[in-house]
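What follows is one structure encoded as structure tokens, with my remarks underneath.
Residue numbers (my numbering): 427 to 1366.
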């Protein structure tokens, strides 16, 4: 018999001590009165668990020590955390593991480090000399002996492209056979070369092949792929690398915290109609990650590949990419700071779209508004109770027999009139548009399907495969192939024809993973390696790629669905708007680049506190991946909400970039007006706060659209040198200047919130009438610490960062009305008495106003410029004024109506300053002055 190792002896001794301790204390244990009679106390249950663990460790160790192990061999001797899995494709016996040339060393636990792992210097590809190419440098890689994978590709072509000084780009392809490659979005911003020195050095190990990327400034290793072998077969591609830090974010869309767990976890990328929960592939696939290094530095890595993929994480720290097809197309972004990493990534996949102004207002939807009259009633009750509402939605209730491009003649027969009524109210209207086209309607009754058939040809069908192919809401269904140019024209014609009758303002494209109620096809799928590949990522729900979607062998215009599945939502979202105004599209499925065309929401979240809490990192992760317009269904989609949960979710949702309350049919209503008066007041306050901040939010979207800034951003993006901010995901920022600290648990009246170093001013009130608030402008002087803040039910804590100016506007029931209201500037002075901010302003709905110059840009500085055509500045708030002003002046006239609160160093005044603009001539009309400090602005 072989004794366990010293570590196990220590654990056993510790467990023994716990066991003896509980035995000795047993007589003093008291059963609490509320516990059922006969139920052992919690400590007795713990005792039993300890005993079970104790027995299991000794039993497992006794069994394992009787198995042969290669761990003693020099080539196999390594730290457990440094093992890279040699049996990822299937479970191997000892002999099967050794046949692969790998090490076999069983452990007590089946989870965690692999039993079968690669030895040091595992044989692989040999690299030839690098030589110049059109885009950079290239080399040939040859594997002298095939790997253990079926259909191994023994010759690869390496190309290294030095895109920019801060972007390293590498591709590995099969030179003898064309494989699917993901095209970059049209008009991408990649490939911009400069003469500046690179931020990195690249070193190549020729045998076995690997490469090392180092940061030139400090020598830190960013990537090191020599830690495990490169594998490249027809349906299995694998690349491993060490990580420079365990602080890792990205790799969405998954139900995770902002900081990813590296303790032997994995993430699967395969778009699926799957409500958010742990350990599941969900609606989107974004193989991009960001690593926070030391000293505020950061880098990112993007693998441009659309096939099913698994990313394995381990505590080395290290990461392994595994894809079932395509090529390896790898980008490394050197930053050097986190925000620069995001910008560099978006230079490749495209900057976020500029949303219409009205889309930043409040949206309301439910699957279960059964008639047009019921939908009207919701709008009327919202405005009757003084709740802002900009956009009313309908789910599939509107459609005749659930077929898109129709409306039910009995329940929604006056749909066009209803939409026109909403427009008269200054509102907008959106409905759901699933991609599945009903294929079983009687001949002559459903034009979209018949027209699609007529315009297709046997050689170039509009549909993915022979129809009927699938089954969703209307029954048997055909799915359009949006990679086919003729399909795009047909789809656009369908939208335009429907829009000629129903003047909808945007499209909600759901079920576009694509989702299917049967596996593959109603007629089954062919028996092929595409349907049952040698390897399927472990996290794929259902265990097969065609579960809940189409057959993998379905032939589309560009390639098979096996290669194009994750791109389906992206190809649908790229269709241009037909109404001649700025488009609005909301997509459930997503892939890198979709932010250029669409907003995204987090799908069918449950109405519970956990999903409320996880919605914060979900929205932040989407923002890091280029989807600036993102949000979760406020109050939850599945299950019944509670009053407290819905209040807190409305408060948080008021600071999602995209805010929509959406609910499922069987659930209790959750429109704001159905709750008690106290809850209604809290929700109304949250909505008014959002509407007052829309000029600021709209300006943030302008910077996202033109400069790849983030809108809702994690704290580490703005404070990269503060280690406390690295993984904070219970709070977030709007831009650089607003800190949002929501309540995410029930029964909370106080909140521990982290305030980075500096002065932060409370921003509670939304009205120019400052007599309504007791805490407005209250300063918090932080050294970088957690502070306990009051958080009653009617309050979400929002703080303005010192040195910033926030443009605001009096709220109204719609953005159409609020855009005509007076503006308000909130000025948060720095200790040195300065502050700055800006405002982007256009008509809010026209296409490409920034590129055509049809806009105004206003810069606010403590002693400088800004303005707008007929913009009315109705009020000014200045935080941090050290003493009571002797006088306040505006446009050369003394202002008698001003308020100063010495307890908060807070000055407010009601003023009327107008701005005129005639072509390129800008007239300066407003100067506010008090004591020795001047605050004025003019056009720049």
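Glycine included, every Cβ here is placed at the ideal spot set by N, Cα and C.
Is it the case that the Cβ atoms of residue i and residue j are separated by a distance below 8 Å?
i, j, result
"residue 1010", "residue 931", "yes"
"residue 1012", "residue 1027", "yes"
"residue 825", "residue 833", "yes"
"residue 1164", "residue 1231", "no"
"residue 994", "residue 957", "no"
"residue 693", "residue 1062", "no"
"residue 797", "residue 838", "yes"
"residue 909", "residue 1001", "no"
"residue 496", "residue 531", "yes"
"residue 1021", "residue 778", "yes"
"residue 1111", "residue 1220", "yes"
"residue 513", "residue 577", "no"
"residue 716", "residue 764", "yes"
"residue 1224", "residue 1189", "yes"
"residue 897", "residue 948", "yes"
"residue 1074", "residue 1168", "yes"
"residue 1055", "residue 782", "no"
Which of the three DSSP states is assigned to residue i in this structure?
i, result
"residue 561", "coil"
"residue 1097", "coil"
"residue 894", "With a pLDDT of only 46 at residue 894, under the threshold of 50, the placement of this residue in the model should not be trusted; the figure read from the coordinates follows. Correct three-state label for residue 894: coil."
"residue 934", "strand"
"residue 692", "strand"
"residue 647", "strand"
"residue 738", "strand"
"residue 629", "strand"
"residue 1363", "No answer about residue 1363 holds up, because its pLDDT of 35 lies below 50 and its placement is not dependable."
"residue 1143", "helix"
"residue 620", "Because the pLDDT at residue 620 is just 49, under 50, the model does not fix this residue reliably, and the point stays unresolved."
"residue 661", "coil"
"residue 784", "helix"
"residue 455", "Model confidence at residue 455 stands at a pLDDT of 27, short of 50, so the residue's coordinates are unreliable; what they give is reported in the following sentence. Residue state, collapsed to three classes: coil."
"residue 995", "helix"
"residue 810", "helix"
"residue 1262", "strand"
"residue 1255", "coil"
Could you give the residue range of the beta strand (DSSP E) that holds residue i?
i, result
"residue 1010", "Careful: residue 1010 lies outside any beta strand (DSSP E) and carries neither H nor E."
"residue 758", "754 to 759"
"residue 724", "724 to 729"
Who pairs with residue i in a beta bridge, going by DSSP?
i, result
"residue 667", "745"
"residue 1057", "1027"
"residue 640", "627 and 647"
"residue 1234", "1250"
"residue 1211", "1181"
"residue 848", "In the DSSP output, where bridge partners are listed per residue, residue 848 has none listed."
"residue 1225", "1165 and 1188"
"residue 375", "Residue 375 is absent from the model: the chain starts at 427 and stops at 1366."
Thinking just about the alpha-carbon of each residue, which of the options is nearest to the one in residue i?
i, options, result
"residue 915", "882, 898 and 938", "882"
"residue 1244", "815, 676, 743 and 678", "815"
"residue 598", "577, 630, 695 and 756", "756"
"residue 809", "1018, 852 and 910", "852"
"residue 1018", "1051, 922 and 1154", "1051"
"residue 1015", "936, 524 and 502", "936"
"residue 987", "999, 1007, 955 and 969", "955"
"residue 903", "942, 997, 868 and 1037", "942"
"residue 1281", "538, 1181, 1125 and 792", "1125"
"residue 962", "558, 539 and 696", "696"
"residue 593", "1147, 774 and 989", "774"
"residue 1271", "544, 1144, 1008 and 789", "1008"
The alpha helix (DSSP H) that contains residue i, what's its start and end?
i, result
"residue 1075", "1069 to 1079"
"residue 1085", "Residue 1085 -> not in any alpha helix (DSSP H); beta strand (DSSP E) instead, spanning 1085 to 1087."
"residue 917", "911 to 925"
"residue 1123", "1120 to 1133"
"residue 520", "520 to 525"
"residue 957", "Element bounds for residue 957: n/a, residue is neither H nor E."
"residue 1040", "1035 to 1050"
"residue 987", "987 to 990"
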